[in-house]
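Per our numbering, the very first residue in the sequence shown carries number 2; after that it's consecutive.
Have a look at the structure below, then the notes.
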Amino acid sequence: MTRTNHRILSRLFKASAALALGTATFLGSVQTIDHVAQVSPVAGPQPAQASVSSLRVTYAARLAGIRIGTGVLSANIDSGRYTATISAQTSSVGRLVSQGQGEAVSRGVFGNTVAVPVSYDLSASEEDLTNIVRMRLSRGDIAELSAEPPLSEHPNRVAVRAQHRRDVVDPVSALLMPVPNVESARGPAACERTLPLFDGRQRYDIAMTFVRMEQVQFGNGQAAVCRLRYRPIAGHRSNRRVNQDLAQNPNMYVWLSQVGDQALVAPVRMEIGLDFGTLSIQALDFAAQ
């Protein structure tokens, strides 16, 4: 395999893993914008009512059956307010996967069908690279943003403009998906949404559609299987093959299971089919209280 093909495969894997885990631990896929947005903060929405609860999920990541990383999603929920943390580690696998680790923390409130973050902080490292993102939000709009290190400008990079920082959700908050009622958490309605993601550098949509219900060993024993479609909007390089491949990939799925007895779902499995094997992220445990 040529050096160019190795770079393409590495970027595709890292972008897929970051997409699936909800955190940019995998620094090679990240594209940085070199500015800080400043918007006057305003009062946030009133939180939806929910009982005090907690969630902890441990994930194992495998590529073509080979275990290449782990991740832990933990969340505390109190009267509609949440604090969610995801940590991830990867092991070195040849030239495809580098050893790395990272943690991202998001805080916010739950609306009727969407998490509304007020803050997002990411700290990650891979070999000799570090990645720091800090976001503060108000009613879904970015009020403060910093991301280090910045990338140099590129003629093929799609500019991130003010409209791309409005009505967004961060990658960690996106893993906690409120639904209108408890019944919706146990059926096709769990899938019917489009997540407007902004990770501090790139703006992209994840469109979700229902495929089927499937028996699982977590949650209430069933999961809604959703097909994912990735649509890059801004911050990415339009000529980069990794973005084109992900946008055209029809083989991306997530399994969503109910969190306790709440009108809330979270992933118990994620799969992305790649040319060189399937990237799977499977829950090893799913503890909700």
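Virtual Cβ for every residue (Gly too), placed ideally from N, Cα, C.
Backbone CA spacing between residue i and residue j [nearest angstrom]
i, j, result
"R238", "R228", "25 Å"
"Q291", "A76", "Limits of the chain in this structure are 2 at one end and 290 at the other, which puts residue 291 out of reach."
"P251", "G274", "8 Å"
"I282", "E272", "6 Å"
"M214", "D200", "30 Å"
"R158", "P197", "19 Å"
"A49", "R202", "In this prediction, A49 has a pLDDT of 42, which is less than 50 and means its spatial position is unreliable; nothing more can be read from the coordinates."
"G66", "V169", "34 Å"
"Y254", "E145", "32 Å"
"T114", "T195", "11 Å"
"A160", "D262", "42 Å"
"G141", "R166", "8 Å"
"R162", "P179", "28 Å"
"A62", "Q164", "34 Å"
"S139", "V117", "9 Å"
"Q249", "I143", "29 Å"
"H7", "G112", "For H7, the pLDDT reaches just 43, beneath the cut-off of 50, and the residue's location in the model is therefore unreliable, although a value from the coordinates is still provided. Distance between the alpha carbons of H7 and G112: 43 Å."
Helix, strand or coil at residue i [DSSP, three-state]
i, result
"I242", "Here residue 242 turns out to be Arg, not Ile, going by the sequence shown. Three-state DSSP puts R242 in a helix."
"A1", "What the structure shows of the chain is the stretch from 2 to 290, and residue 1 is not part of that stretch, so it cannot be assessed."
"L176", "helix"
"E193", "coil"
"R140", "coil"
"E104", "strand"
"R230", "strand"
"T26", "Note that T26 scores a pLDDT of 37, beneath 50, so its modelled location is shaky; the value from the coordinates is reported in the next line. Note: T26 maps to coil in three-state DSSP."
"A65", "coil"
"E149", "strand"
"S124", "strand"
"E184", "helix"
"A235", "strand"
"R270", "strand"
"A264", "coil"
"L10", "Because the pLDDT at L10 is just 47, under 50, the model does not fix this residue reliably, and the point stays unresolved."
"R166", "helix"
Assumed close pair residue i, residue j - CB separation to whole angstroms, cut-off 8 Å
i, j, result
"Y231", "L247", "5 Å"
"A106", "T86", "First, the amino acid is wrong: residue 106 is Val here, not Ala. Right, the Cβ-Cβ distance comes to about 5 Å (below 8 Å), so this counts as a contact."
"Q100", "S92", "6 Å"
"V269", "F287", "6 Å"
"Q259", "R204", "Not confirmed; about 29 Å, so no contact."
"D171", "Y121", "4 Å"
"E104", "S124", "6 Å"
"A235", "P189", "The Cβ separation is near 31 Å, so there is no contact."
Burial state of residue i, where buried means 16 or more other Cβ atoms lie within 10 Å
i, result
"G70", "buried"
"L285", "exposed"
"P156", "exposed"
"A175", "buried"
"F219", "buried"
"G222", "exposed"
"N244", "buried"
"E127", "buried"
"R108", "buried"
"R68", "exposed"
Flag this pair as touching only if the stretch 176 to 188 and the stretch 131 to 144 have three or more C-beta atom pairs under 8 Å; answer yes or no.
-> Judged by pairs of C-beta atoms under 8 Å, the stretch 176 to 188 does not touch the stretch 131 to 144, as fewer than three such pairs exist.
If you pair each beta-carbon of the stretch 145 to 163 with each one of the stretch 56 to 69, do three or more pairs fall below 8 Å?
-> The stretch 145 to 163, when compared against the stretch 56 to 69, does not touch it at the 8 Å Cβ threshold.
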